[in-house]
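Notes follow the structure.
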Amino acid sequence: MNAGEKTKNTLISRRDFLRVAASTTALGSLGVFNLDAAAHEGVRTPFTFAYVSDAHLYERKLNKRFIRAVEKAVNDMNSLNPQPDFILYGGDLAQLGQPGELELGKELLGQLKAPVKMMVGEHDWYFDMGEKWRELFGKDVYSFDHKRVHFVVLNSVIVEDYWTEPKMTPMERMKFMAQLDNPKGKPFMVGKEQREWLKEDLSKYDRSIPLVVFSHSPLYKYYRPWNFWTEDAEQVQDILWKFDTATVVHGHTHQLLLNQLGKITFHGMLSTAWPWPYPPEGVPKLTIQMDRADPFDQFDGCGDGTLDVMSNGQANITYNLWSRKPRYVTYDDIERLWITHGLGQLEPGPSY
């Protein structure tokens, strides 16, 4: 949460939580999300969906470690009863965008019983500018409705062209994008064309419908040197302000993250591949610090989580870390932390 900035949400008590039972034994960055659609003409229909992210697969001949994590996640999802309505893959299926890596990812995810919806990450995109990814998975930007909830999937890893001059090979471009500390790197963007598409897509919906947005990079500015950042984040947030509540779920950061900007709640999810430490500065005040991951434990710092959505569209989240005790973030906790840090009460948002 950005220091000194007040959010604008209306609180709701615990007794108003609408919880939906679901199995939470999933492995990998595999959060079983419990969603109860907000009331619409007196109808409320609960459902469950799952989320898997950041596998960073190499081909089998190079590295089987990350493959094992995805296989665990797939096997665990297939054991859920009842099955989730769908599974959303959150980006960075591949490590270097190689056709063989993406094909392997499709093969592994193809073993899931539930329908799979895909989102792209920068590691999937910049070897061939998404050509192979689109061939295998279809559109990289789209929306869909499910049981009175509107979902939007964005490509938030667009960057300004820096590879034409000076001319880079596809692999040089891919490795440049895969760097974490890269002072010459360009920031991620959603981009003007996609923002216009988003405005048009959302114009068809009343502000009361629950909105869930999936982006790979966080749709806020977290830490620029590592590109935990989306340059036009504020412009995207302005579009989402039409809705009474909006939840944004992102991957990319490989860590426990919570951000609250007005009516918009942002949840960062874990990775199936490895955890990132928190950056040396810019850690959101409400983030729960994680101890240094054990380098001898493949799964330390990785895990799954659950989201239980309340009647007002806000959510409680549980991070089920594979090698650690679970971490819980409730909306009541957020209020208490704001008061503890001297930031005052959470305020209701303006009417738009």
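With the working numbering applied, the sequence shown closes on residue 344, and no number is skipped along the way.
All residues carry an ideal CB built from backbone N, CA and C; glycine is no exception.
Values in this document were obtained by computation on a predicted structure and should not be read as measured data.
Given residue i as reference, the closest of the options once Cα atoms are compared
| i | options | result |
| --- | --- | --- |
| E152 | F143, R140, Y118, D137 | Y118 |
| Q247 | N73, R284, Y197 | R284 |
| D296 | H259, K213, K159, S209 | H259 |
| F220 | S200, G274, F168, D198 | G274 |
| Q103 | D84, T156, I79 | I79 |
| G83 | H115, R316, R57 | H115 |
| S45 | I201, Y197, Q87, P269 | Q87 |
| D137 | D77, A47, A170, V321 | D77 |
| V141 | F39, K191, M163 | F39 |
| T279 | M169, L250, A47 | L250 |
| G177 | E99, M169, G183 | M169 |
Backbone secondary structure at residue i - three-state DSSP
| i | result |
| --- | --- |
| D137 | strand |
| I59 | helix |
| F9 | Annotation note: pLDDT 27 at F9 (below 50); position unreliable, no value reported. |
| H48 | coil |
| R328 | helix |
| S21 | Note that S21 has pLDDT 43, beneath the 50 cutoff, so the model's placement of it is unreliable and the number below is only indicative. Coil. |
| Y215 | strand |
| Q252 | strand |
| N308 | strand |
| H115 | helix |
Spatial neighbours of residue i in its chain, beta-carbon cut-off 6 Å, leaving aside the 5 residues before and after
| i | result |
| --- | --- |
| L211 | T222, A225, V228, V240 |
| S207 | L146, S148, H242 |
| W314 | F291, C294, G295 |
| M160 | none |
| D286 | D292 |
Same chain, Cβ closer than 8 Å to residue i, neighbours up to 5 away in sequence not counted
| i | result |
| --- | --- |
| M181 | S148, I150, V151, E152, T222, E223, D224 |
Sequence-distant residues of its chain with Cβ nearer than 7 Å to residue i (five each side left out)
| i | result |
| --- | --- |
| F129 | M110 |
| K105 | N70, Q75 |
| A172 | One point to set straight first is that residue 172 is Leu, not Ala, in the sequence displayed. W218. |
| T322 | N308 |
Expected contact under 8 Å - CB spacing of residue i and residue j to nearest Å
| i | j | result |
| --- | --- | --- |
| V62 | Y81 | In fact, because the Cβ distance is near 10 Å, the residues do not count as touching under 8 Å. |
| P179 | R216 | 7 Å |
Where residue i falls, given that 16 or more other Cβ within 10 Å makes a residue buried
| i | result |
| --- | --- |
| R328 | exposed |
| R165 | buried |
| L94 | buried |
| Y43 | buried |
Contact test: residue i Cβ vs the ligand FAD heavy atom, cutoff 7 Å
| i | result |
| --- | --- |
| L146 | With respect to the ligand FAD, the structure offers nothing, as it holds no ligand at all. |
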